Amino acid sequence: MSGHGQLKKPTHHEPVKHVDHDAPMVATGYGSAAIDGDPITIGEALEAVITSVGDKPVNQSDAAAISAAEIRATGEKNIRPGGVGAAAQSAATQNSHVTRREEMTRLSDVLTDATGKLPMDKAVTKEDAEAVYDAEVQSPRLGDAAQLNSEPGGVAASMVTAANLNQQN
Numbered sequence: 001m002s003g004h005g006q007l008k009k010p011t012h013h014e015p016v017k018h019v020d021h022d023a024p025m026v027a028t029g030y031g032s033a034a035i036d037g038d039p040i041t042i043g044e045a046l047e048a049v050i051t052s053v054g055d056k057p058v059n060q061s062d063a064a065a066i067s068a069a070e071i072r073a074t075g076e077k078n079i080r081p082g083g084v085g086a087a088a089q090s091a092a093t094q095n096s097h098v099t100r101r102e103e104m105t106r107l108s109d110v111l112t113d114a115t116g117k118l119p120m121d122k123a124v125t126k127e128d129a130e131a132v133y134d135a136e137v138q139s140p141r142l143g144d145a146a147q148l149n150s151e152p153g154g155v156a157a158s159m160v161t162a163a164n165l166n167q168q169n
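For reference, each letter of the sequence shown is one residue, going 1 to 169 in UniProt numbering.
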């Protein structure tokens with residue numbers, strides 16, 4: 001199911017893509033990697049989120065996607081204590097108890113220097129993007145049932161963009 005400004009879940013034979021071209025773009029945050037043809041890493045894709053929705057407070061969907069990205073980058077079964085996934089989960093939990101938006105932890109607070117915070121990193125693949133997309137859309141938002149749409153310009157969108165750019169190079 002797809003909607004305005006949302007990503008649609010890719011089939012195994014088609015590249016992942018944006019449905020709405022007016023949604024925030026995230027590729028500009030990749031710096032020279034996308035231009036030089038070097039593969040974009042998971043850490044770089046996480047950092048690119050800051051350019052599009054970095055001011056957004058971290059929610060459970062974001063935390064699930066960031067945690068999935070960390071697991072894909074490290075190859076481990078769980079997030080690391082003190083890692084970017086744990087920081088995102090802590091921020092989402094804390095934000096759920098804060099009523100004033102200006103007091104909430106933002107994506108930029110968690111994802112700044114994500115590349116340096118990951119003990120290992122790797123180039124984003126289509127499978128990585130799909131895993132992060134699944135984590136993001138299956139995590140309830142604000143107490144609602146799981147949605148089949150991801151956040152425009154968010155973690156899954158950044159991973160999809162990186163995977164597509166990597167696939168083209």
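Glycine included, every Cβ here is placed at the ideal spot set by N, Cα and C. Just so we're clear, the structure is a prediction, and the values are computed from it rather than from any experiment.
Looking at the strands, I want to know which residues DSSP matches up with residue i.
i, result
"P57", "R106"
"T41", "A123"
With distance defined between alpha-carbon atoms, name the residue in the options nearest to residue i.
i, options, result
"residue 170", "A64, A131, T74", "The requested residue 170 is not part of the displayed model; the chain covers only 1 to 169."
"A135", "S150, A45, A92, V124", "S150"
"A156", "D38, V53, G37, P39", "V53"
"Q60", "V124, A87, A162, A163", "A87"
"P39", "A91, V132, D121, E76", "D121"
"A48", "T105, H97, S158, L107", "S158"
"S67", "P152, M104, K117, L165", "K117"
"P152", "E44, G37, T51, G43", "T51"
"residue 222", "T99, G154, T115", "Residue coverage of the chain in this structure runs from 1 to 169, which leaves residue 222 outside it and unanswerable."
"R106", "K56, L165, A45", "K56"
"V110", "G75, G85, T74", "G85"
"A92", "V58, T115, I42", "V58"
"residue 170", "Y133, V132, V160, A123", "Because the chain in this structure spans residues 1 to 169, residue 170 falls outside the shown range and cannot be described."
"V132", "R101, T161, T115", "T161"
"S139", "T115, M104, D62, R100", "D62"
With a threshold of 16 other CB atoms inside 10 Å of the CB of residue i, please say whether the residue is buried or exposed.
i, result
"P119", "exposed"
"N95", "buried"
"G168", "One point to set straight first is that residue 168 is Gln, not Gly, in the sequence displayed. Exposed: under 16 other Cβ atoms inside 10 Å."
"E70", "buried"
"A163", "buried"
"D113", "exposed"
"T11", "Per-residue confidence for T11 stands at a pLDDT of 46, beneath the threshold of 50, marking its modelled position as unreliable; the derived number appears in the next sentence. Classification of T11: exposed, given that the 10 Å Cβ count is below 16."
"E44", "buried"
"R72", "buried"
"residue 171", "Outside the displayed span of the chain (1 to 169) sits residue 171, for which this structure offers no information."
"N166", "buried"
- Would you check if there are 3 or more beta carbon pairs closer than 8 Å linking the stretch 76–91 to the stretch 123–132? No: fewer than three Cβ pairs fall under 8 Å.
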